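Written below as structure tokens is the structure these notes are about.
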Amino acid sequence: MIFLKLILTNLRRHRIRSLISVAGIAFSVAAMLTVVTILQGAIGMFSGILSSDSEIIVFERNVSDLFFSDVPAAAVDEIASWPMVSHADPVLFGIVSSADHPIITCFGVTGSDARIRKATWLEGDRNNFARHSDDVVLGQRAAEFLRAKLGDHVPIGHGIFHVIGILRTANGFEDGGVFMPLSSAQSFFHKQGSSSVITIKLRGKDDAEAFKSAVKARFASLIALEDAEFTRSYSQFKILKATAWAVGGCGLVLGGLGVANTMIMSVFTRIREIAILRVNGFSRLQIAAMIFGESAVVSLLGALLGLLTGTCFLVALKQVPALHGYVDVTIQPVVLLIVILLALLTGVAGALYPAAYAMRIRAVEALRFE
Amino acid sequence: MNLSAARSNPGANIVLRAEGVWKSYDDGAIPVLKGVDFQALAGRSVALCGPSGCGKSTLLHLFGGLDTPDRGSVSVNGIEVNRHRNLLRLLRHEVGFVFQLHNLIPDLTLEENCLIPTVAAGVDRRTALARLHQLAGRTGLSHRLGHRIQKLSGGERQRTALCRALMNKPKILLADEPTGSLDEQSSGAVFDMLLDLVATEGVTLVMATHDRGLARRCDRLLEMHDGRIHEPAFA
Chain W
689 MIFLKLILTN
699 LRRHRIRSLI
709 SVAGIAFSVA
719 AMLTVVTILQ
729 GAIGMFSGIL
739 SSDSEIIVFE
749 RNVSDLFFSD
759 VPAAAVDEIA
769 SWPMVSHADP
779 VLFGIVSSAD
789 HPIITCFGVT
799 GSDARIRKAT
809 WLEGDRNNFA
819 RHSDDVVLGQ
829 RAAEFLRAKL
839 GDHVPIGHGI
849 FHVIGILRTA
859 NGFEDGGVFM
869 PLSSAQSFFH
879 KQGSSSVITI
889 KLRGKDDAEA
899 FKSAVKARFA
909 SLIALEDAEF
919 TRSYSQFKIL
929 KATAWAVGGC
939 GLVLGGLGVA
949 NTMIMSVFTR
959 IREIAILRVN
969 GFSRLQIAAM
979 IFGESAVVSL
989 LGALLGLLTG
999 TCFLVALKQV
1009 PALHGYVDVT
1019 IQPVVLLIVI
1029 LLALLTGVAG
1039 ALYPAAYAMR
1049 IRAVEALRFE
Chain Z
979 MNLSAARSNP
989 GANIVLRAEG
999 VWKSYDDGAI
1009 PVLKGVDFQA
1019 LAGRSVALCG
1029 PSGCGKSTLL
1039 HLFGGLDTPD
1049 RGSVSVNGIE
1059 VNRHRNLLRL
1069 LRHEVGFVFQ
1079 LHNLIPDLTL
1089 EENCLIPTVA
1099 AGVDRRTALA
1109 RLHQLAGRTG
1119 LSHRLGHRIQ
1129 KLSGGERQRT
1139 ALCRALMNKP
1149 KILLADEPTG
1159 SLDEQSSGAV
1169 FDMLLDLVAT
1179 EGVTLVMATH
1189 DRGLARRCDR
1199 LLEMHDGRIH
1209 EPAFA
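If you want it as structure tokens, here you go:
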């Protein structure tokens, strides 16, 4: 109790300094939480596109980016004929731009694709999909930013397309994307006879291992991964995650420097007090524990405030129409845990030098310190 | 009992002993202690008198393990302080310090300040509080336990420092000008209390002071000059 009071007393004694340190950690935590959650959400959305009514994805082995994956039509046909496969949907990804919109994701799909079948069609008839080569279906947000209505002709990339439908989906990428018939997409992106991936729905989930082995045996250039495996191993996701944590980590380092500054000042301003504690039997470890305790309180308060601020910020972002479907406010418990742990570690790291300094204080000299 | 009496009575219990202690500062540029020999018997009080800078405080710091001699040895209960395997045990259980400035933590209450040594030593709270109430009762501080240090008078602060020093029932109390910052009236009252407590607790008191009037009330009075101890004939 007294020990805790010794920790809190010093924080109360220099309220403004303590608050600034707490704010530093809070901003870092909020930044990390926001960046990581948005990127996790983006990864989740991209995974969601691939796992829509499917549990396995087949793509070209050793490609770093699915946009460069090349799966031949012959492979699609053969895999679709395997008895263990319920359905196999080829998807061709492409990115184009239009006026004012540098990036529009295009999905080349067949009429039987789950994305077309299961989406909510706001306008148009899904049975009309893929009747003409220049037909496209727009996601609701894509229709908004292209200012396109049903029946309009819109410039996308180097072509003009006829809008035959507008659909709504919970996935931000899909909602901001353009769906075109697979053959049209192949022609548009100069990838005749190929797709980027095949999404596979198996008849039985127990067939997954057998399916993967079969793909490996039959197509040396392809690889089949279950959705969870793909999300874990896809290099683009790894890069994104690493970037998110690195950006957040930089923020925490800055926060840690703030804590270090506070703790150094804290130790310097109470050298005599530390000497008194030493004379009264406090060990070096007890002194260090007091300093670490103080920084832990700062870090913990900062982490909690940061989580609150970050969550509020994410909720606010979710309300922005332009970001509809892109921001997932669901904060994963593991992210929460990692953020809190990192904040605490930052606090501890920030207190390392001050604690070492405090441990070295010689009572006999410090008692002369005025 | 004076030093010669102690020597003539080998059965007397010597709790604190210094032999040939030398101490200097600034790499020997400022010699402070020049071969000090000292003994203190259990339960007795010793006053060290002398001009400022003669080495009284330095000697007390060496006795309490806060500093180390350049040469010579200091032992508490037969265990050399400098080779004390656990200096913490010395500070927690064998010596207590009272300084001229009370050296209390201003943001804590009287009670919390006094409990610090028990927290350091891991004494359970109930035992610590019982001891505190006992000491506070004897020093007239029972009604001030919940007060912060800023609210206490100089005399009360010094009595608080005395209570704190005795919380873990040390065998030796090292007091460096314990009444030096008090007026004459408070000084006398605090010193009466100090002598009463060390007598009833059976604590050995080693006190550095300029006040010869107070010093003469101790069992022994030693003079320090030029880094050495001299026992005056009148003591």
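Those protein sequence lines, which keep their order, are chains W and Z.
Sequential numbering from 689 applies to the first sequence in this note's numbering.
Sequential numbering from 979 applies to the second sequence in this note's numbering.
Even glycine gets a Cβ: it sits at the ideal position worked out from N, Cα and C.
Treat the numbers as computed from the prediction; the structure is a model and nothing was measured.
Nearest-angstrom Cα separation, counted from residue j out to residue i
i, j, result
"A983/Z", "D1197/Z", "Here the model assigns A983/Z a pLDDT of 44, short of 50, so the residue's position is not dependable, and the following value carries that caveat. So the two alpha carbons sit approximately 12 Å from each other."
"S986/Z", "A1018/Z", "Any reading at S986/Z needs caution, since the residue's pLDDT is 46, under 50, leaving its predicted position unreliable; the model's value is listed next. Using only the alpha carbons, I get a separation of about 14 Å."
"T1096/Z", "R1103/Z", "8 Å"
"A948/W", "L1093/Z", "29 Å"
"R1135/Z", "M1047/W", "27 Å"
"T1105/Z", "L995/W", "42 Å"
"R1022/Z", "V1181/Z", "7 Å"
"I704/W", "A714/W", "15 Å"
"N991/Z", "V1014/Z", "20 Å"
"R819/W", "R835/W", "23 Å"
"A1213/Z", "V1054/Z", "Confidence is the limiting factor: at A1213/Z the pLDDT is only 40, short of 50, which leaves the residue's position unreliable, though a coordinate-based value still follows. Those two C-alpha atoms are separated by around 24 Å."
"L1068/Z", "L994/Z", "12 Å"
"F691/W", "F918/W", "50 Å"
"P988/Z", "L1037/Z", "Summary for P988/Z: the model assigns pLDDT 49, below 50, so the residue's position carries little reliability, and this model does not support an answer."
"R749/W", "I975/W", "57 Å"
"A908/W", "L855/W", "37 Å"
"V759/W", "G892/W", "24 Å"
"G1166/Z", "L1192/Z", "8 Å"
"V1024/Z", "G1115/Z", "26 Å"
"Q1078/Z", "V1023/W", "55 Å"
Whole-number beta carbon distance between residue j and residue i, since they are thought to touch under 8 Å
i, j, result
"H1039/Z", "V1052/W", "5 Å"
"K889/W", "S742/W", "5 Å"
"L1026/Z", "V1168/Z", "Between V1168/Z and L1026/Z the Cβ distance is about 18 Å, and since that is not below 8 Å, they are no contact."
"G796/W", "G782/W", "7 Å"
"I1028/W", "A991/W", "5 Å"
"L1144/Z", "E1089/Z", "Actually they do not touch by this definition, with Cβ atoms about 15 Å apart."
"G1031/Z", "V999/Z", "Not quite, the Cβ-Cβ distance comes to about 17 Å (not below 8 Å), so this is no contact."
"L1082/Z", "T1117/Z", "Incorrect: roughly 14 Å between the Cβ atoms, too far for contact."
Local conformation of residue i per DSSP, three classes
i, result
"D823/W", "strand"
"A1064/W", "Past the edges of chain W, shown from 689 to 1058, lies residue 1064/W, and the structure says nothing about it."
"T857/W", "coil"
"P1047/Z", "coil"
"Q1078/Z", "coil"
"I1019/W", "coil"
"S742/W", "coil"
"G943/W", "helix"
"H1121/Z", "helix"
"C1092/Z", "helix"
"I690/W", "helix"
"E1053/W", "helix"
Any chain W beta carbon closer than 8 Å to residue i
i, result
"R1126/Z", "no"
"R1142/Z", "yes"
"I1083/Z", "yes"
"R1070/Z", "yes"
"D1045/Z", "yes"
"H1188/Z", "no"
"E1090/Z", "yes"
Pair within 8 Å by beta-carbon distance, residue i and residue j
i, j, result
"G943/W", "T1034/W", "yes"
"I952/W", "Y1041/W", "yes"
"S1059/W", "L738/W", "Absent from the structure is residue 1059/W, since the part of chain W shown begins at 689 and ends at 1058."
"P1084/Z", "I1127/Z", "yes"
"P778/W", "L870/W", "yes"
"A776/W", "I886/W", "yes"
"S735/W", "D915/W", "yes"
"L988/W", "L1032/W", "yes"
"F849/W", "R803/W", "no"
"H1080/Z", "A1099/Z", "no"
"F724/W", "A898/W", "Residue identity differs from the one stated: residue 724/W is Val in this sequence, not Phe. No. Outside cutoff."
"K1006/W", "L727/W", "no"
"V1059/Z", "L1151/Z", "no"
"V1052/Z", "G1033/Z", "no"
Cβ of residue i within 8 Å of any chain Z Cβ
i, result
"A1051/W", "yes"
"R705/W", "no"
"R829/W", "no"
"V967/W", "yes"
"T697/W", "yes"
"F918/W", "no"
"R1048/W", "no"
Distance cut-off 7 Å: residue i Cβ against heavy atoms of the ligand GTP
i, result
"I1150/Z", "For the structure depicted, the ligand GTP is absent and the ligand set is empty, with no information on it obtainable."
*Just by C-beta distance, which residues in the stretch 1094-1115 of chain Z are closer than 7 Å to chain A?*
Of the protein chains in this structure, namely W and Z, none is chain A.
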